[in-house]
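There are 2 protein chains.
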Amino acid sequence: MSRQKPKLARIADSLGVSTATVSNALSGKGRVSPELAERIRATAAELGYVPSVAGRALRTGRSGVLGLVLADISNPLFPKLAQAIENSAAKAGYGILIADSHGDVAAQTQAIERLIERGVDGMIVVPRRGTWVTGASCPVAVIDSPSTPGNTVAADHWSGGQGLGLHLASLGHKHVLLLGNSTASNVQNDRLGGVRAGLGNAKVEAVWIEKLEAKAGQGCSLGLEAAVARGVTAIAAISDLVALRALTELQRAGIAVPEDVSVTGFDDLIWSSVVTPGLTTMRMDVVTIADIAIAAVLEAIARPPSAETRRGDGDTVIASQPKVPMELVLRQSTGPAKTSVFRKDSKSTNLTVGERIQ
Amino acid sequence: MSRQKPKLARIADSLGVSTATVSNALSGKGRVSPELAERIRATAAELGYVPSVAGRALRTGRSGVLGLVLADISNPLFPKLAQAIENSAAKAGYGILIADSHGDVAAQTQAIERLIERGVDGMIVVPRRGTWVTGASCPVAVIDSPSTPGNTVAADHWSGGQGLGLHLASLGHKHVLLLGNSTASNVQNDRLGGVRAGLGNAKVEAVWIEKLEAKAGQGCSLGLEAAVARGVTAIAAISDLVALRALTELQRAGIAVPEDVSVTGFDDLIWSSVVTPGLTTMRMDVVTIADIAIAAVLEAIARPPSAETRRGDGDTVIASQPKVPMELVLRQSTGPAKTSVFRKDSKSTNLTVGERIQ
DNA sequence: TGCAGATGATTAATCGTTTAACCGGTAACG
DNA sequence: CGTTACCGGTTAAACGATTAATCATCTGCA
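As you go down the protein sequences, you meet chains A and B in turn. Here the first sequence is numbered in the working numbering, starting from 1 and rising by one per residue. Here the second sequence is numbered in the working numbering, starting from 359 and rising by one per residue.
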């Protein structure tokens, strides 16, 4: 029923003061007597005043919006991360504008440009592996891997891998299969490097799915049954998605998890807790990562623009704590290593079942 | 090396014309001679002119941004939907601001308010089940279920379910278990209702996981082994996540999919194609849904504000095509129904294996 | 020749907020 | 007593784009 959207002028009129005073009172910046400030706040609230972002943005040059660029929105890790970032940004009064870069580098640059044109004050980028973030004329936080140059903050994938390795080693696993997608990814190298380190002197072999699928076709068998026959007692997958693929391939072949083989994943994605057996995995602390990334960007925004920043080159900000520890989530997919003798028995049985099915 | 960000005035100066003419030329609205317009566009491009969203927004009252409200960003369906919506919006020159409503209604209202305060021109809402979208003073498109009142556009969940039901029926399944989460969801009722219809006069039983877990605890067994023993030959899950849960529970119990039991899901989520056996599922056409939703909102924005709109009540827009067909994705998790006799045999074998494992 | 109408461009107001500069008055201080 | 400093505010100028109103020409027609 109120006339229109109330603006500064209306509340100024209704109190007989100037808009400048109202602005000062509400922002707490200028010099306003406490009582008057209080009255102003009161009527502002009463009138349901909502500042116009456009007006403010025009005057201050700040939009109050951050961009979030993702190499591939459809990445299953995205929901949690986006949620954490939106949350953290909202707490600081910022909005999050999303941009998808469909996985390819050109589109990523375009996406960044679009965000800049929209006037974002800063950006969070989760880049395509091996991609260099470029062309941003605003503070940029990069979430990739601690071993990526220019990275702002990330989970400590290496230590996370080490934790899984240690866990498997403590269960007595002496022959482990590593399941990765691509050797080109820093994250993957960190993770599997950590696993290797944690496993100590256990026998380790690695399978790279991208390479395998290039030959055998997409969705091909990972050859896990053969691996188990070779003596593998544990499989450490690069991600929960791969772990899931492994788990079902094993189960389909009649190999029991974790009795015959243990399986571990990474990321604690949504399904890790609902499958049977529940997936033992290594969880990223996305909330902390988001907080740190947002804080770093906001700090860079608040800082008076340095010479480099004004040049328009991408200036990736750095965070005080670039590595965030990961957390081991123990579920039912890992168990004690099977002894050789028992394994041989079970294996033959399983092969029978598997052949019947396939 | 250019002085600063070029604005309208700079390009106007450099050609000796007024800013109004430049604005007209670039927007194609006013009356500008073709040659001059061309020269203006040329120098604009040369100077790398980028219009200030803030200035434009202030003057026109339009921000060029749409809000996307999700009941729960961490919903695994979100990535695809967000991607499609961002894409569709970007094509129309709009940005997407995200807001998470953590699943609860109060937060959803808050999220909507935050978006309004940020000056969005319209919103797309994927509401919490049973939630009424309210308090928006801008066009709102709701993506929920065709049978939800006030819905704008959605996948035709019922027909999708019917498709799955027909598929299972054609494979000879006469005893099917329906796996749902909650009876309170329109989407779920539509889906399972469709399945029932498609199955014709087959024997159908339903299990509601929420109810089950309230008693037996989260992550409890779904009792599928017993169901199979009862004679169930197919399981139709409300979503791929539930289907995955079912699939692994069955496999863990030594029941072969699809030889012993067929399993179907909904949504074609990322893992449906990587598990073994691949999940037969019903895919939503998120791209079309996003296109329709965005188009409906944009049309409402373009339309001169009606009386109701200005009242500030939520005015959910309607789309020309509210139901979007779903697409059956055939993979390996469904197969011919087992005959009773064969089933009984196999079942006993499987039970043995299952008991050994459990 | 004179006038209406079309054409092409300019003028100036406006959107709502912020903020540097200013101003009259009073109190403190040398 | 004269100067300075502060206090609580106000004025007015931006910020950058859009657009209604206006104006100067030129064309066509009676």
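Where a beta carbon is used, it is the ideal one built from N, C-alpha and C, also for glycine.
Integer-rounded CB distance, given that residue j should sit under 8 Å from residue i
i: Ala296(A); j: Val317(A); result: 5 Å
i: Pro635(B); j: Arg689(B); result: 7 Å
i: Glu568(B); j: Ser540(B); result: 5 Å
i: Gly523(B); j: Arg554(B); result: 7 Å
i: Asp285(A); j: Ser88(A); result: Contact flag wrong, Cβ pair sits at about 12 Å.
i: Gly223(A); j: Gly198(A); result: Rounded, the Cβ-Cβ distance is 24 Å, inconsistent with contact.
i: Ile596(B); j: Leu529(B); result: That belief does not hold up - the Cβ atoms of Ile596(B) and Leu529(B) are roughly 20 Å apart, past 8 Å.
i: Val483(B); j: Val534(B); result: Not confirmed; about 34 Å, so no contact.
Residue i in three-state terms, based on DSSP
i: Ala256(A); result: coil
i: Pro139(A); result: strand
i: Val195(A); result: helix
i: Val232(A); result: coil
i: Leu342(B); result: Beyond the ends of chain B as shown, which are 359 and 716, falls residue 342(B); an answer cannot be given.
i: Ser88(A); result: helix
i: Val317(A); result: coil
i: Ser691(B); result: coil
i: Leu608(B); result: helix
i: Ala99(A); result: strand
i: Leu416(B); result: helix
i: Thr281(A); result: strand
i: His175(A); result: strand
i: Ala12(A); result: helix
i: Ser262(A); result: strand
i: Thr309(A); result: With a pLDDT of 46 at Thr309(A), under the threshold of 50, the modelled position of this residue cannot be trusted; read the value that follows with caution. Thr309(A): helix per DSSP, three-state reduction.
i: Lys573(B); result: helix
i: Trp566(B); result: strand
i: Ala513(B); result: strand
i: Val286(A); result: helix
i: Gly28(A); result: coil
Proximity to residue i [Cα-Cα], best of the options
i: Ser620(B); options: Asp626(B), Thr639(B), Ala572(B), Leu627(B); result: Thr639(B)
i: His515(B); options: Thr379(B), Pro504(B), Asn559(B), Leu439(B); result: Pro504(B)
i: Thr233(A); options: Gly335(A), Ala216(A), Ala111(A); result: Gly335(A)
i: Val586(B); options: Ile596(B), Glu563(B), Arg472(B), Ala574(B); result: Glu563(B)
i: Leu416(B); options: Leu686(B), Ile613(B), Arg476(B), Leu582(B); result: Arg476(B)
i: Pro76(A); options: Trp629(B), Gly374(B), Ala378(B); result: Trp629(B)
i: His173(A); options: Lys5(A), Lys338(A), Ile98(A); result: Lys338(A)
i: Ser381(B); options: Glu393(B), Ala402(B), Ala440(B); result: Ala402(B)
i: Thr148(A); options: Ala169(A), Ala54(A), Val275(A), Asn189(A); result: Asn189(A)
i: Lys438(B); options: Leu627(B), Ala412(B), Leu473(B); result: Leu627(B)
i: Lys137(A); options: Ala90(A), Val105(A), Ile85(A), Leu66(A); result: Checking the sequence, you will find Ser at residue 137(A) rather than Lys. When each option's Cα is compared against that of Ser137(A), the closest is Leu66(A).
i: Asp8(A); options: Ile85(A), Ser52(A), Glu35(A); result: A small fix is needed here, since residue 8(A) is Leu in this sequence, not Asp. It is Ser52(A).
Residue-level contact to chain A via CB, residue i, 8 Å cutoff
i: Thr606(B); result: yes
i: Ile613(B); result: no
i: Ile454(B); result: yes
i: Pro434(B); result: yes
i: Glu404(B); result: no
i: Pro497(B); result: no
i: Val565(B); result: no
i: Ile652(B); result: no
i: Arg610(B); result: yes
i: Thr634(B); result: yes
i: Ala665(B); result: Confidence at Ala665(B) is low in this model, with a pLDDT of 47, below 50, so the placement of that residue is unreliable and no value is reported for it.
i: Val375(B); result: no
i: Ala730(B); result: Outside the shown range of chain B, which is 359 to 716, sits residue 730(B), and nothing can be said about it.
Proximity test, Cβ basis, 8 Å: residue i and chain B
i: Ser239(A); result: no
i: Leu58(A); result: yes
i: Pro79(A); result: yes
i: Glu327(A); result: no
i: Thr233(A); result: no
i: Ile270(A); result: yes
i: Ile100(A); result: Looking at the sequence itself, residue 100(A) is Asp, so the reference to Ile does not match. Chain B contact via Cβ: present.
i: Val363(A); result: A question about residue 363(A) goes unanswered here, because the residues of chain A that appear run from 1 up to 358.
Sequence-distant residues of its chain with Cβ nearer than 7 Å to residue i (five each side left out)
i: Pro139(A); result: Gly122, Val297, Ala300, Ile301, Asp315, Val317
i: Asn151(A); result: Val142, Asp144, Ser145, Pro322
i: Arg472(B); result: Ala457
Proximal residues to residue i (C-beta, below 8 Å), its chain only, five neighbours per side dropped
i: Ser517(B); result: Gly552, Lys681, Pro683, Met684
i: Thr622(B); result: Leu522, His525, Leu526, Ala592, Ile593, Ala594, Ala595, Ala601, Leu637, Thr638, Thr639, Met640, Ser691, Thr692
Residue i CB to nearest heavy atom of the ligand FMN below 7 Å
i: Gln546(B); result: This structure lacks the ligand FMN, and indeed carries no ligand of any kind.
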